[in-house]
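Trainee: Mapping of the sequence shown onto full-length UniProt numbering: residues 1 to 710, in sequence order. Dropping the structure in here first, questions after.
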Amino acid sequence: MEISSKENTQFFSNTTILPVDRSSFKSESSASKEKLSCCGGIKIFLGALSFVYFAKALSGSYLKSTITQIERRFDIPSSLVGVIDGSFEIGNLLIIILVSYFGAKLHRPRIIGAGCLIMSAGTFLIAMPQFFMGRYQYERFPSTINSTISISPCLQDKSQTPLTTLEKTQAKTNAGCEKEAGSSMWIYVLLGNLLRGIGETPIQPLGIAYIDDYAIEENAALYIGCVQTIAIIGPIFGFLLGSLCAKLYVDIGFVDLDSVTITHKDAQWVGAWWLGYLIAGVISILAGIPFWFLPKHLPKPESRKDSSTSSEQSKFITEDNKDQYKSYQQQLKIAEMAKFLPSLKNLFGNPVYTLYLCASIIQFNSLIGMVTYKPKYIEQQYGQTSSKTNFVIGLINIPAVAFGIFSGGLIMKKFRVNVLGAAKLSLGSSFFGYLLLLSLFAMGCENSDVAGLTVSYHGTKRTTDYEQAIFSECNSGCACSKNDWDPICGENGVTYISACLAGCQASNGSGKNTVFFNCSCVGTLESPSRNSSAVVGPCQKGNECPKMFLYFLVISVITSYTLSVGGTPGYILLLRCIKPHLKSFALGIYTLAIRVLAGIPAPVYFGVAIDTTCLKWGSKRCGGRGACRLYDSSALRYVYLGLTLVLGTVSIFFSVAVLWVLRKSSSPQDETLSANGDRGACGTKSRKDNFVNSDCLIQTTYWPEKETRL
């Protein structure tokens, strides 16, 4: 009996454990539900953030595609367009410190939503001048506008001067001419781009930090990689949108398109540049809507609850020392805030970081300038239209960049490349990329034959001054203006600045079908016949130019891919050569330096250099220099590619110095360790100093403005 009673007692005591098991089962069930809720919330945020990245990349790349359109529409030089392009970086820098510091303490999703609204407002502001500055007016002889009456382009009497020339003469004497509507409308484009930069500021720091805070730790890198991948798709659609809008006339919907006498191949053609900004603005608004309905905080995953450290950090911190670690972290933050200058000194005392920063600044100067004016270079060098140029860049170059970035990360993971290997891979990609760029010097087109600019009226190369060269004996009896740009193509294959300067005595037809007859200057090149004729528009470039353009595309794609391969290894190198507690500060200084010393000045001085190659400047209606109508192809090729190559070569020298310092400071044991291991090759001496290095891995495929640096 005693034994049986003991057994019963033991049995009932065991059964009392069952309710505890049920409660634990319930807690596990509630935890799983909470996990599902957390995952659902973070995935909604992930989708919304991906769409925002797509929207900002689309609007940024669309601006690049409209550089030449804006230049022609507002009659401004390339240097001023460079200032407009750099205003985005200025707007970003104005509030990046405030957003980064105060944004984390406020409602981050709503701040991102507000940034989207500001970004869309700036995009709409860029398009607004189109609705206030009147219709676009290009230079055309009156007989080509809408008249079937035969008017002599070569006027023997100054009293018969064309209406456009009379208007220009009267405008110059008008005191209030400089204040005409549209003379300074480009300022609104600059302010709109500045506003875009302000609105874009909170998206990257707050969005990435929000994902890292509330995503399951092992999924954070995957989520951020998805966001960056979607961001690369944005420029593809941006350039394709630019290609579509460039085919449409600027005043479509406002004028009768049959009255337009120029085609999209003409140097004066301006596409519907404003239409794409309206579309991009609407997309930005739609992208910001979900953030107004997302919570300030999401439920944290179970693995992160009641813990200020990640699971990887917890490997190095025992339970007994967690409270001590938290107090140490707080003391460390206060100490770092109080010791800004010593931290800065410590950071720049690291030779690897300093040299790599210099190399990055110079290389980004090279890449930003090259990408900004690449559409202009293709148009002027190979005689391609804006529409075709944007289409080619969007469909060929950008995917090559994306594939290069992916390949760089894949190589790092596949071969477990260490820090020294990352430096070699980054240097190798830069070296071979700029070596390929060198070959583009041989893939240019010669100047088009333009009488008075690139050749004389007798068919020889022009050697005299421009002021004297555009006039000749064959047009000495005509009252022509040297400021006009209304090109015609003679039957001899030579382009003439205007029908008047070609000495044409009669015309027939209207609009695009106008034909000029009895052009005395056309006859002097081939035959003295006075029946020489010409048609509206410039002559096409030489027969070899289309073949050269294909060669250029092939080399350009390979170059873009090669340079992009080194992006991820370079960023890994940056993360591994700094002390863990200075990581955030170092990345902030790096981003700031790239934006201030590369993003802002590069488009400006590249534009100034390109302006020096202009052969024929347009003239504004009120007098003064407008946009460039014709560039010297050879000079443009040497300036554009030469400046890019010189900057790239200087950056390679700094990269070689980085590799030399790494080799000197790395022990053989360090070189055998992976970049994903516990030690780097930059002088870190203990595992304890590297316990937060895992946080770096989530951003190894990102560097400033990657989406538009193609």
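Glycine included, each C-beta is placed from N, C-alpha and C at the ideal position.
(1) My understanding is that Leu-58 touches Asp-85, with C-beta atoms under 8 Å, so please give their C-beta distance in whole angstroms.
(2) When you compare the CB positions of Ser-655 and Ser-407, do they come within less than 8 Å of one another, or not?
(3) To which residues of the same chain is Ile-411 closer than 8 Å at the C-beta, ignoring the five residues directly before and after it?
(4) Ile-610 to Arg-625, Cα distance in whole Å?
(5) Residue ranges of each alpha helix (DSSP H) run of no fewer than 4 residues wholly in the UniProt domain "Kazal-like" (468 to 523), ordered along the chain?
(6) Taking Asn-513 as the reference, which of Thr-263, Trp-292, Asp-213, Gly-618 has the closest Cα?
(7) Please report the distance separating the alpha-carbon of Cys-226 from that of Val-189.
(8) In the DSSP assignment, the alpha helix (DSSP H) including Leu-630 goes from what residue to what residue?
(9) Let me make sure I understand the geometry here. Which of Ala-246, Ser-366, Ala-479 has the alpha-carbon closest to that of Tyr-434?
(10) Could you check where the beta strand (DSSP E) with Val-536 kicks off and where it finishes?
(11) Note down the Cα distance separating Tyr-638 from Phe-441, rounded to an integer number of angstroms.
(12) Could you pull out every residue in the same chain whose Cβ sits closer than 6 Å to the Cβ of Phe-239, ignoring the five residues on either side in sequence?
(13) The alpha helix (DSSP H) spanning Ala-614 covers which residue range?
(14) Would you call residue 711 buried or exposed, if buried means 16 or more other Cβ atoms sit within 10 Å of its Cβ?
(15) For Ala-451, name the three-state secondary structure that DSSP assigns.
(16) I'd like the ranges of any alpha helix (DSSP H) spanning at least 4 consecutive residues and lying wholly in the region 237 to 310.
(17) On the DSSP letters alone, give me the boundaries of the alpha helix (DSSP H) that residue 754 sits inside.
(18) Taking its Cβ as the centre, do 16 or more other Cβ atoms sit within 10 Å of Leu-574, making it buried, or is it exposed?
(19) Applying the 10 Å Cβ sphere with the 16-neighbour rule, what's the burial state of Phe-102?
(20) I need the boundaries of the alpha helix (DSSP H) containing Pro-380, first residue and last residue.
(21) Would you mind listing the alpha helix (DSSP H) stretches within the region 630 to 665 that are 4+ residues and don't spill past its ends, in chain order?
(22) Which of the three DSSP states, helix, strand or coil, is assigned to Arg-595?
(23) Considering only the alpha carbon of each residue, which of Val-661, Thr-68, Pro-109, Pro-538 lies closest to Pro-295?
(24) Cα-Cα, which of Leu-94, Pro-129, Ile-398, Lys-616 is closest to Phe-237?
(25) Starting from Cys-545, trace the alpha helix (DSSP H) in both directions and tell me its first and last residue.
(26) Could you tell me the alpha carbon to alpha carbon distance between Leu-697 and Trp-186, rounded to whole angstroms?
(27) Closest to Pro-601 by CA distance: which of Gly-369, Ser-533, Ala-402 is it?
(28) Using the three-state DSSP reduction, which class does Leu-195 fall into: helix, strand or coil?
(29) In the DSSP assignment, the alpha helix (DSSP H) including Gly-121 goes from what residue to what residue?
(30) Indicate whether Ser-510 and Phe-517 have their beta-carbon atoms separated by less than 8 Å.
(31) In this structure, does DSSP put Ile-600 in helix, strand or coil?
(32) Report the CB separation of Thr-562 from Phe-653 in whole angstroms; it is logged as a contact under 8 Å.
(33) Considering only residues of the region 398 to 431, which uninterrupted alpha helix (DSSP H) runs meet the minimum length of 4 residues and lie entirely inside it, listed in chain order?
(34) List the whole-angstrom C-beta distance separating Cys-539 from Cys-154, where the pair is believed to meet the contact cut-off of C-beta under 8 Å.
(35) What's the gap between the Cα of Leu-553 and the Cα of Ala-586?
(36) Compute the Euclidean distance between the alpha carbons of Trp-292 and Gly-41, then round it to the nearest angstrom.
Mentor: Taking the structure as given:
(1) Within the sequence shown, the letter at position 58 stands for residue 58. Within the sequence shown, the letter at position 85 stands for residue 85. Contact doesn't hold; Cβ gap of about 16 Å is too wide.
(2) Looking up residue 655 in the sequence shown gives position 655. Looking up residue 407 in the sequence shown gives position 407. No.
(3) By 1-based counting over the sequence shown, the position of residue 411 is 411. By the criterion of a C-beta distance shorter than 8 Å, Ile-411 is surrounded in its chain by Val-417, Leu-425, Val-565, Pro-569, once the five residues flanking it on both sides are discounted.
(4) What you label residue 610 is simply residue 610 of the sequence shown in a count that begins at 1. What you label residue 625 is simply residue 625 of the sequence shown in a count that begins at 1. If you draw a straight line from the Cα of Ile-610 to the Cα of Arg-625, it is about 15 Å long.
(5) 520 to 523
(6) Residue mapping note: residue 513 aligns to position 513 of the sequence shown, counting from 1. It is Thr-263.
(7) Along the sequence shown, one-based indexing puts residue 226 at 226. Along the sequence shown, one-based indexing puts residue 189 at 189. Computed Cα separation, rounded: 32 Å.
(8) Translated into positions along the sequence shown, residue 630 becomes position 630. Taken as a continuous stretch (DSSP letters only), Leu-630 belongs to no alpha helix (DSSP H), being part of the beta strand (DSSP E) at 625 to 631.
(9) Numbered from 1 along the sequence shown, position 434 holds the residue referred to as residue 434. Tyr-434 has its Cα closest to that of Ser-366, out of Ala-246, Ser-366, Ala-479.
(10) Within the sequence shown, residue 536 is the residue found at index 536, counting from 1. Note, Val-536: beta strand (DSSP E), 534 to 536.
(11) Here the question's residue 638 lines up with position 638 in the sequence shown. Here the question's residue 441 lines up with position 441 in the sequence shown. Spanning the two alpha carbons is a distance of roughly 7 Å.
(12) Here the question's residue 239 lines up with position 239 in the sequence shown. Once the five neighbours on either side are set aside, the close Cβ partners of Phe-239 are Ser-61, Ser-65, Asn-390, Ile-393, Gly-394.
(13) Along the sequence shown, read from residue 1 onward, the residue named residue 614 stands at position 614. According to the sequence as given, residue 614 is Cys; it is not Ala. First-last for Cys-614: 614 to 619, but that is the beta strand (DSSP E), not the alpha helix (DSSP H).
(14) Here the chain comprises residues numbered 1 to 710, so residue 711 is not present and cannot be evaluated.
(15) On the sequence shown, position 451 is the one that residue 451 refers to. In the displayed model, Ala-451 falls within a strand according to three-state DSSP.
(16) 273 to 288
(17) The question about residue 754 has no answer, for the chain in this structure spans 1 to 710.
(18) By 1-based counting over the sequence shown, the position of residue 574 is 574. The residue is buried, with at least 16 neighbouring Cβ atoms inside 10 Å.
(19) Reading the sequence shown from its first residue, position 102 is the one you call residue 102. Under this definition Phe-102 is an exposed residue.
(20) Numbered from 1 along the sequence shown, position 380 holds the residue referred to as residue 380. Here residue 380 turns out to be Gln, not Pro, going by the sequence shown. From DSSP, the alpha helix (DSSP H) with Gln-380 extends over 374 to 382.
(21) 633 to 665
(22) Position 595 of the sequence shown, counted from the start, is the residue given in the question as residue 595. If DSSP states are grouped into helix, strand and coil, Arg-595 belongs with the helices.
(23) Your numbering for residue 295 matches position 295 in the sequence shown. Among Val-661, Thr-68, Pro-109, Pro-538, the Cα nearest to that of Pro-295 is on Pro-109.
(24) Counting from one through the sequence shown, the residue named residue 237 turns up at place 237. Of the listed residues, the one whose Cα sits closest to Phe-237 is Ile-398.
(25) Position 545 of the sequence shown holds residue 545. Counting along the chain, the alpha helix (DSSP H) containing Cys-545 begins and ends at 545 to 565.
(26) By 1-based counting over the sequence shown, the position of residue 697 is 697. By 1-based counting over the sequence shown, the position of residue 186 is 186. Model confidence at Leu-697 stands at a pLDDT of 35, short of 50, so the residue's coordinates are unreliable; what they give is reported in the following sentence. Taking C-alpha positions only, Leu-697 is separated from Trp-186 by approximately 42 Å.
(27) Taking the sequence shown and counting its residues from 1, the one referred to as residue 601 is at position 601. Checking every option, the nearest Cα to that of Pro-601 belongs to Gly-369.
(28) Position 195 of the sequence shown, counted from the first residue, corresponds to residue 195. Here Leu-195 sits in helix by DSSP.
(29) Counting from 1 along the sequence shown, the entry for residue 121 is found at position 121. Looking at the sequence provided, one finds Ala at residue 121 rather than Gly. Residues 108 to 127.
(30) Indexing the sequence shown from 1 puts residue 510 at position 510. Indexing the sequence shown from 1 puts residue 517 at position 517. Contact flag unset, no.
(31) Locating residue 600 in the sequence shown gives position 600, where the first residue counts as 1. Three-state DSSP puts Ile-600 in coil, outside helix and strand.
(32) To locate residue 562, count along the sequence shown from 1; it is residue 562. To locate residue 653, count along the sequence shown from 1; it is residue 653. Not a contact, Cβ separation roughly 18 Å.
(33) 398 to 414
(34) For the purposes of this step, residue 539 is taken as residue 539 along the sequence shown, with counting starting at 1. For the purposes of this step, residue 154 is taken as residue 154 along the sequence shown, with counting starting at 1. Rounded, the Cβ-Cβ distance is 20 Å, inconsistent with contact.
(35) Indexing the sequence shown from 1 puts residue 553 at position 553. Indexing the sequence shown from 1 puts residue 586 at position 586. C-alpha separation (whole angstroms): 37 Å.
(36) Taking the first residue of the sequence shown as 1, we reach residue 292 at position 292. Taking the first residue of the sequence shown as 1, we reach residue 41 at position 41. If I take the Cα positions, the gap works out to 14 Å.
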